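J.:
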Amino acid sequence: MKYEMHQLCEVRAQLEKFNERHACDAQWVESHGARHDSDSQCVIATREGDDKVVGYMIIVPRTCSSDVMCIYSTVVRRGMRKQGVCRAMLDLAKEHYSRFWSVCSISVAPVWLRLGATVKPRQGFYAEYELEINATPVKQWS
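So in UniProt numbering, spot 14 of the sequence shown is number 14, and the numbers just go up one at a time.
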C-alpha cells in the first residue's frame, strides 16, 4: 500500500469517484466546523501497481475554546480493515499533525453513532470510526 497526505480540496473529485455516496464535499467540511477548506487534509491509501484508491481519511481541524481538535472520518473498501490500512492512515496523520499539536487525549466512537444514520456503512464500504483529538497547539496556525 501507498499512503499520501493531500489537501482535501485537491483530491475531492478523486474521493467522490471512489465513493459517490460519501459526503466528502465542501458542505461536509463546513458542517464539521472547519474554518477554511484549505485547512482540511486527507490521507489516501492506494494499492501499489495500479494506484487504485482503497481508503481515505478526512481530517478536519477546528477551533474549540483554547483547544485545537481534529475529526477523522475513515472509509475503506471491505476487506482492507484487516490489512492495517486504517492504522497506517492514522499513523501518517498523527505524524503530520505532531508538528502542530501536543496530543492530550483521543476518543473513539463509531461514526454512525456520532453523526446519524446517513453515514452507516454501505455496500462495499466500511465507515470505520471517528477519532476526536483534543490537543494543545504547539504553535499557532498561520
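Virtual Cβ for every residue (Gly too), placed ideally from N, Cα, C. Every value quoted in this text rests on a predicted model; they were computed, and no experiment measured them.
#1: Among Gly49, Gln41, Arg87, which one has its Cα closest to the Cα of His96?
#2: Where does Val111 fall in DSSP's three states?
#3: What are the boundary residues of the beta strand (DSSP E) that includes Glu4?
#4: Are the CB atoms of Met5 and Ala45 within a distance shorter than 8 angstroms?
#5: Would a check of beta-carbon distances place Tyr3 closer than 8 angstroms to chain B?
#6: Does the Cβ of Ala93 have 16 or more other Cβ atoms within 10 Å, making it buried, or fewer, making it exposed?
#7: Spatial neighbours of Val85 within its chain, please: CB distance less than 8 angstroms, with the 5 preceding and 5 following residues excluded, ordered by chain position.
#8: Please classify Arg47: does DSSP put it in a helix, a strand, or coil?
#9: What does the alpha-carbon distance come out to for the pair Gly49 and Tyr3?
#10: Thinking C-alpha only, which one of Gln7, Asp91, Gln14, Ile58 is nearest Asp51?
#11: Please report the straight-line C-alpha distance between Ile59 and Gln7, rounded to a whole angstrom.
T.: In brief:
#1: Numbered from its first residue, the sequence shown carries residue 96 at position 96. Cα-wise, what sits closest to His96 is Gln41.
#2: Walking along the sequence shown from the start, residue 111 turns up at place 111. Bear in mind that the predicted position of Val111 carries a pLDDT of just 42, short of 50, making it too unreliable to give a figure here.
#3: By 1-based counting over the sequence shown, the position of residue 4 is 4. Its beta strand (DSSP E) spans residues 2-7.
#4: Walking along the sequence shown from the start, residue 45 turns up at place 45. Walking along the sequence shown from the start, residue 5 turns up at place 5. No, the Cβ-Cβ distance between Ala45 and Met5 is not below 8 angstroms.
#5: Of the protein chains in the structure, only one exists, and it is not chain B.
#6: Locating residue 93 in the sequence shown gives position 93, counting from the first residue. So Ala93 counts as buried.
#7: Stepping through the sequence shown from its first residue, residue 85 is reached at position 85. Taken in chain order, the residues that qualify are Met1, Ala45, Val54, Gly55, Val76.
#8: Within the sequence shown, the letter at position 47 stands for residue 47. Correct three-state label for Arg47: coil.
#9: By one-based count along the sequence shown, residue 49 stands at place 49. By one-based count along the sequence shown, residue 3 stands at place 3. Their backbone Cα atoms lie some 13 angstroms apart in a straight line.
#10: Working through the sequence shown from its first residue, we reach residue 51 at position 51. When only C-alpha atoms are compared, the closest one is Gln14.
#11: Residue 59 sits at position 59 when you count from the first residue of the sequence shown. Residue 7 sits at position 7 when you count from the first residue of the sequence shown. The straight-line gap from Cα to Cα measures roughly 9 angstroms.
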